[in-house]
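Engineer: Below you'll find the structure I mean.
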Amino acid sequence: MEVMHEAIMNDGKDAAQLDTVEERRARRMKALKQAAGIWAKRQDIPADGLEYQRELRAEWP
Numbered sequence: 006m007e008v009m010h011e012a013i014m015n016d017g018k019d020a021a022q023l024d025t026v027e028e029r030r031a032r033r034m035k036a037l038k039q040a041a042g043i044w045a046k047r048q049d050i051p052a053d054g055l056e057y058q059r060e061l062r063a064e065w066p
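In my numbering, the protein residues as written are 6 to 66.
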């Protein structure tokens, strides 16, 4: 998978540009990991995201 990723990403860009892409990806992943599970222990909403989404949509006119 990593080899495929490199093949897709390396479309003639130099190493400095690829590093920038990887740095951006690392920042996004860090933010996502920090946000993951922020609602995990809430008791006022369903644990299943799809169920929660359906409940919200049921309230729409």
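Where is the CB? At the ideal position from N, CA and C, for every residue including glycine.
DSSP three-state label for Q48, please.
Structural biologist: Here residue 48 refers to the residue found at position 43 of the sequence shown. Three-state result, Q48: coil.
Engineer: Return the chain-ordered list of same chain residues with a C-beta closer than 8 Å to the C-beta of Y57, the five sequence neighbours on each side being excluded.
Structural biologist: Taking the first residue of the sequence shown as position 1, residue 57 is located at position 52. Once the five neighbours on either side are set aside, the close Cβ partners of Y57 are I50 and P51.
Engineer: Does DSSP put D24 in a helix, a strand or coil?
Structural biologist: Taking the first residue of the sequence shown as position 1, residue 24 is located at position 19. Helix at D24.
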